[in-house]
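This report concerns only the one structure given below.
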Amino acid sequence: MPPSTSKPRVLSGVQPSGNLHIGNYLGALKNWVKIQYDFESIFCIVDLHAVSGKYEHESLAQRTREMAIGLLAAGIDPDSAILFVQSHVPEHSELQWLLNTVTPLGELERMTQFKDKAQRFESVPAGLLNYPVLMAADILLYRADLVPVGDDQIQHLELAREIARRWNAEFGRGEDFFPEPQPILTEAKRITGLDGQAKMSKSLGNTIGLLDSPETIWQKLRPAKTDPARVTRHDPGNPEVCNIYHLHKYFSPPETVVRVVDACRGAKWGCLDCKRELADNMIRTLTPIRERALSLQQDPGRVDQILGDGAATARRLAGETMREVRARMGFLAPMRD
Ligand code: SF4
Numbered sequence: 011m012p013p014s015t016s017k018p019r020v021l022s023g024v025q026p027s028g029n030l031h032i033g034n035y036l037g038a039l040k041n042w043v044k045i046q047y048d049f050e051s052i053f054c055i056v057d058l059h060a061v062s063g064k065y066e067h068e069s070l071a072q073r074t075r076e077m078a079i080g081l082l083a084a085g086i087d088p089d090s091a092i093l094f095v096q097s098h099v100p101e102h103s104e105l106q107w108l109l110n111t112v113t114p115l116g117e118l119e120r121m122t123q124f125k126d127k128a129q130r131f132e133s134v135p136a137g138l139l140n141y142p143v144l145m146a147a148d149i150l151l152y153r154a155d156l157v158p159v160g161d162d163q164i165q166h167l168e169l170a171r172e173i174a175r176r177w178n179a180e181f182g183r184g185e186d187f188f189p190e191p192q193p194i195l196t197e198a199k200r201i202t203g204l205d206g207q208a209k210m211s212k213s214l215g216n217t218i219g220l221l222d223s224p225e226t227i228w229q230k231l232r233p234a235k236t237d238p239a240r241v242t243r244h245d246p247g248n249p250e251v252c253n254i255y256h257l258h259k260y261f262s263p264p265e266t267v268v269r270v271v272d273a274c275r276g277a278k279w280g281c282l283d284c285k286r287e288l289a290d291n292m293i294r295t296l297t298p299i300r301e302r303a304l305s306l307q308q309d310p311g312r313v314d315q316i317l318g319d320g321a322a323t324a325r326r327l328a329g330e331t332m333r334e335v336r337a338r339m340g341f342l343a344p345m346r347d
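Every number in the numbering used here is 10 more than the matching position in the sequence shown, counting from 1.
This is the structure in C-alpha cells:
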C-alpha cells in the first residue's frame, strides 16, 4: 500500500481499452509514471465510463486486466501510487447520483464531447449525458487537488469545478469541503499514427502496441509513411514533414536525431535505413516494458492482488468522503458504518 503523504493529491483515469500503444505511452502514461513520485497519485481504470455508450461487454473484464498489466509494465508502481478499477469502489456511482442533484442539465447538454458523441446515436443513452458528472465524482470522491488533462477534457474539468462550487454552496456548511480541482497542464503530445496523417488510435489501426514484439514493430514500421518527396534514396527529404523523424525524437538519442536530419536532407541514406535505426531504438526502450508485461500475464493473481489492494485503499478514502457527504446532505446514518 502506498504511504499516506502530505503531497498534493492527483487523480487520473484511463478507459479499459485493452493493450496500450506508444501513443498512449508517450501522450499520457510516461507522465503518470513521472508524477507518481511527485504527488500522492490515484490512478483509476474507469470501466464505468467505458459503458456509457455502446461497448463490447464480452471483453470488458479482459480489457480491464490488460490495461492494468500495461500500466504496471510501463512503470506504475503500486508502492507509490494507488491503482484500482473504478467499479470496485461503488462510492463513485453513489457520489455521481448525489452530484446529479446540483448539476444543471443545460451545462451537460452543452458539453462538446456530448454533442459530438450524441450524433452517433438514434436514441441517446442518458449515461452519455451524465458522463461528466461521473468524472466529477471520480475527482471529488478523493478530494483531489490536481488532475492531468488533455485539451479534450478541460471542459469536463471546468464542470467538475462548477459542481464542487455548487455543492459547497448548498451543503458545505460555510466550508469548501470539496476543493476545486486544478488542471496539471502537461506539454500536449499528439502522436501521429503510422499512416502519417491521423492521431495514433487503435480504431484506425495505425499504432505500434506497447507490448508488440521486435518483429511486429519492424513489420509495422517498414511500410510507414515518410516524406513523399523521397521517391528514391537519392532524393533529399524534409524530416519535419515525416513522422519517422518525430518518433526518433522520442526514442533515439539526441545525436541520432541530429544525424537523421543531416542524412535525410542530404540524401545520405534511405528511408529504410532510417526506420531500421528507429526500430532498434524503439525496441530497446520497449523491451523491458514488454518483458514485465509478459511476466504479469503469467501471473494474473498478482495483478488482481495489486488491484484488490488499490481498491481497498481507495474504498477507505472514498468512505471517509462519503460519510461526510451523506451527513452534510442530511441522510440518516446507518447503525453500523
Ligand atoms: S530519411 Fe527518415 S526522416 Fe527522412 S523521409 Fe526518410 S524516414 Fe523520414
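A virtual CB, placed ideally from N, CA and C, is assigned to each residue, including glycine.
Where the beta strand (DSSP E) containing Ile45 begins and where it ends: Note, Ile45: premise wrong, no beta strand (DSSP E); alpha helix (DSSP H) at Lys40 to Ile45.
Residue range of the alpha helix (DSSP H) that includes Ser51: Segment Glu50 to Ile55 is the beta strand (DSSP E) holding Ser51; no alpha helix (DSSP H) there.
Heavy atom of the ligand SF4 within 7 Å of Gly276 beta-carbon: no
Buried or exposed by the 16-neighbour rule on C-beta atoms within 10 Å, applied to Pro264: exposed
Among Thr226, Leu167, Gly280 and Met292, the one whose alpha carbon lies nearest that of Ile117: Residue 117 is actually Glu in this sequence, not Ile. Closest by alpha carbon: Leu167.
Residue(s) in a DSSP beta bridge with Pro158: Ile194
Cβ-based burial, Ser90 [other Cβ within 10 Å; buried from 16]: buried
Where Ser22 falls: helix, strand or coil (DSSP): strand
4-residue-minimum alpha helix (DSSP H) runs that sit fully inside the stretch 254-291, ordered along the chain: 264-275
Beta-carbon proximity check, Lys212 vs Ile201, cutoff 8 Å: no
Distance, Arg275 Cα to Arg176 Cα: 58 Å
Test item: CB-CB of Ala147 and His102 under 8 Å: yes
Contained alpha helix (DSSP H) runs [length at least 4] in the stretch 111-135, N- to C-terminal order: 115-119 and 122-128
Asp272 Cβ short of 7 Å to the ligand SF4 heavy atom set: no
Closest by C-alpha distance to Ile316, when choosing among Asn34, Thr74, Pro88 and Arg75: Pro88
Stretch pair the stretch 226-236 + the stretch 269-286: three plus CB contacts closer than 8 Å: yes
Per DSSP, cross-strand counterpart(s) of Val95: Ile55
Counted within 10 angstroms of its Cβ, other Cβ atoms place Pro26 as buried (16 or more) or exposed: buried
Buried/exposed call for Thr226, threshold 16 Cβ in 10 Å: exposed
Assigned secondary structure, Lys230 (DSSP; H/G/I helix, E/B strand, else coil): helix
Residue environment, Val20, which counts as buried when at least 16 other CB atoms sit within 10 Å: buried
Distance CB(Asp155)-CB(Pro189) smaller than 8 Å: yes
Between the CA atoms of Arg346 and Asp162 - distance to the nearest angstrom: 42 Å
Residue span of the alpha helix (DSSP H) that contains Phe181, given as start and end: Ile164 to Phe181
Residue closest to Ala83, alpha-carbon to alpha-carbon, out of Phe261, Gly23 and Tyr35: Tyr35
Which of helix, strand or coil DSSP assigns to Thr331: helix
Delimiting residues of the alpha helix (DSSP H) encompassing Thr74: Leu70 to Ala84
Own chain residues within Cβ distance below 7 Å of His244, not counting five before or after: Ala277
Burial state of Ser51, where buried means 16 or more other Cβ atoms lie within 10 Å: buried
Buried or exposed (CB count within 10 angstroms, at least 16 for buried), Asn178: buried
Spatial distance of Gln106 from Pro114 (CA atoms): 13 Å
At least 3 beta-carbon pairs within less than 8 Å: the stretch 251-266 vs the stretch 60-70: no
Separation of Val24 from Leu70, as counted between CA atoms: 13 Å
For Leu231 and Asn216, believed in contact at Cβ under 8 Å, the rounded distance: Contact flag wrong, Cβ pair sits at about 12 Å.
DSSP three-state assignment for His67, whether helix, strand or coil: helix
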